[in-house]
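**Q**
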Amino acid sequence: MKTVTSAFRGTPFHANTAVHSNSTWWYSWGGYIVPDVYTDLYTELGAIRSTVSMNDMSPIPKVQVQGPDAQLCVDYLVPRNISKMNPGSAWYAPWCNDEGKVVADGIIFRFAEDHFVFSADNCADFFRQKARPFDVAVEDITDDYGILALQGPCSTEVLGEATGQDWSDLQFSRIRTTEIAGHRVTVIRQGFTGEIGFELWVDSPDGHDVWEAVAAAGASAGIQQAGEYAIDVARVEAGLILVSAEYTGATMEAPSADVAPNPVDHVTPYELGLAHCVKLDKAANFIGQEALAAENIRGPSRRLVGLEIDVEHIVQLSLNDGRLPDMSPRVRWDHMPLRCDGNQVGRASSITWSPTISRLIGFALIQTNLAEPGIELTVDWADYWGRELGSVPAVTCSLPFVELSRAAH
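In the numbering used here, the protein residues as written are 2 to 410.
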C-alpha cells in the first residue's frame, strides 16, 4: 500500500489553534497550515476592532542579516536610511530590483548594531545574492520562531496581564523583551490590522505555553482567536498592501498569495504611495537608486488609491444571469480591469466586503491623472468562477477606509 505524506505542517501554535478552530477552513502558507476561520469572520473582525484578538502569523518568512557589515548591507538592500535606525526599532520598507521595481515590502527589525531581521515575503535568495560583497551571514530563520499577534483596543491590557508589566509606554515600531509563562518573548509594537497591537516572537518549542498564557490573560477582556480571513479584511480596511495581491514581486519566483505572476503588475514604491520610504539623498547607494531617482523627477504613471464598488449592482447582475450572488467573505486577490469612459485605466485588487463600514471596498492601481477621490469608474466584474458578469459602477476614495489607531498611545 502506498503511503502519502503531506507537505504541510503545523506552526508552533498548531496544537492551540487546532483545538480552538470550529471550522474546517484552513490556509496553506509557506508550507504551514493556519486557520482561515475559527468561528465566523464577523465575530473575529469585531474583536479586532472593538476588543482584542490573537492570531497566528508564524508562517511569515523571516530572514536574518548579521555580521560586521550588517548595517552597510541592509542600507544597500533598501531605500530607507538605515544609518538612522536605532537598535530596538522596527521599520517598514520596500526593497527593489535594479529597475526600481518592488521585490517585496515588510518590516525590518534592528536587534543590535550588527543584527537585522526582515519579516516579509520570502526574499532569502534575493538577499543572499545581493549581500555577497558584504561581510554578513544571511539566514532563513522562519522555522525558529512563532509569531502570536495581539490586535485590538484591549491588546495593551491583555499583554500587561500576561507579563505583569505595563506596556502603555512602548511606542509604535519599538521592540522590548519580556517573559510569558517562563519563556523569553520578543515584543514588537506592530500589526497588520490598523489597530493598536503587538507581535509576540517566541522560540518555536515554547509556542504552546505562550499561547495558552496569553489566552488565559485575555479571557476577561473577551479575547477571540482570529483567522486569516478576518486579518486580511482588516488589513484592506486599514489600507495596507499585500505582495501578490496589490503587486507582483519583481524577481520573485514563488510569491505567497495565490495569484499568477504578471510582469505588468510589477510596481515601484512611488506607484504604491511609498515615496516616504525612498531616501534618494542618503549617503549609501542602494539597489534601484538610479531608476527611482529618474521616476522621482518624471513622476509615476500609476498610483494606488481606495475603491468603493456598487454591491447592489453586482447582486442585480447575478440575478439577471440566473445566479445567486457569490459574495465570499474572503478577500479577492485576483485583479479586475477598471475603466473610465470605456477605456481601461487600471485594475482593482483586494476586493472585499467591509463589515466595519458596510461597503464593498478594494484598491485601485490607476493612471495618475485619475488617482484622486471621487473619480467614477467601472469594474469588469467576474464571479468566483471567472465568469464575466458585466460592468459595475465604482468610485475612487482616499485610504485608509477606517481610522488607524495602531500608532496611538
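The beta-carbon is built from N, C-alpha and C at its ideal position, and this holds for glycine as well.
Remember, it's a predicted structure, so these values are computed and weren't measured experimentally.
1) Could you round the C-beta distance between residue 234 and residue 46 to whole angstroms and report it? I think they count as a contact, below 8 Å.
2) Between residue 13 and residue 208, how many whole angstroms is the CB-CB distance? I'm expecting something under 8 Å.
3) Buried or exposed: residue 272, going by 16 or more other Cβ atoms within 10 Å of its Cβ?
4) Curious, which full-length alpha helix (DSSP H) runs of at least 4 residues does the segment 77-136 contain?
5) Which term fits residue 43, buried or exposed, when burial requires 16 or more other beta carbons within 10 angstroms of its beta carbon?
6) So, for residue 392: in the same chain, excluding its five sequence neighbours on each side, which residues have a beta-carbon less than 8 Å away from its beta-carbon?
7) Can you tell me which residues form a DSSP beta bridge with residue 379?
8) May I have the straight-line CA-CA distance separating residue 166 from residue 176, to the nearest angstrom?
9) In whole angstroms, give me the CA-to-CA distance for residue 49 and residue 142.
10) Could you tell me which residues DSSP puts in a beta bridge with residue 56?
11) Mind the definition here: the segment 341-359 touches the segment 240-255 only if three or more C-beta pairs lie below 8 Å; say whether that holds.
12) Take the Cβ of residue 255 as the centre, count every other Cβ of all protein chains shown within 10 Å, and call the residue buried at 16 or more, exposed below.
13) Would you mind reading off the limits of the beta strand (DSSP E) that contains residue 198?
14) Looking only at C-alpha atoms, which of 306, 360 and 292 sits nearest to residue 315?
15) If we count the other Cβ atoms within 10 Å of its Cβ and call it buried at 16 or more, is residue 286 buried or exposed?
16) Near residue 129, which residues of its chain fall below 8 Å by C-beta distance, leaving aside the five closest residues on each side in sequence?
17) Rounded to the nearest angstrom, how far is the Cβ of residue 90 from that of residue 156, given a contact under 8 Å?
18) Let me know if residue 178 comes out buried or exposed under the rule of 16 or more other beta-carbons within 10 Å of its beta-carbon.
**A** From the atom records:
1) 6 Å
2) 3 Å
3) buried
4) 125-131
5) exposed
6) 340, 379, 380, 381 and 382
7) 340 and 394
8) 15 Å
9) 28 Å
10) 150
11) yes
12) With a pLDDT of 45 at residue 255, under the threshold of 50, the predicted position of this residue should be treated as unreliable, and no value is reported.
13) 198-204
14) 360
15) exposed
16) 139
17) That belief does not hold up - the Cβ atoms of residue 90 and residue 156 are roughly 20 Å apart, past 8 Å.
18) exposed
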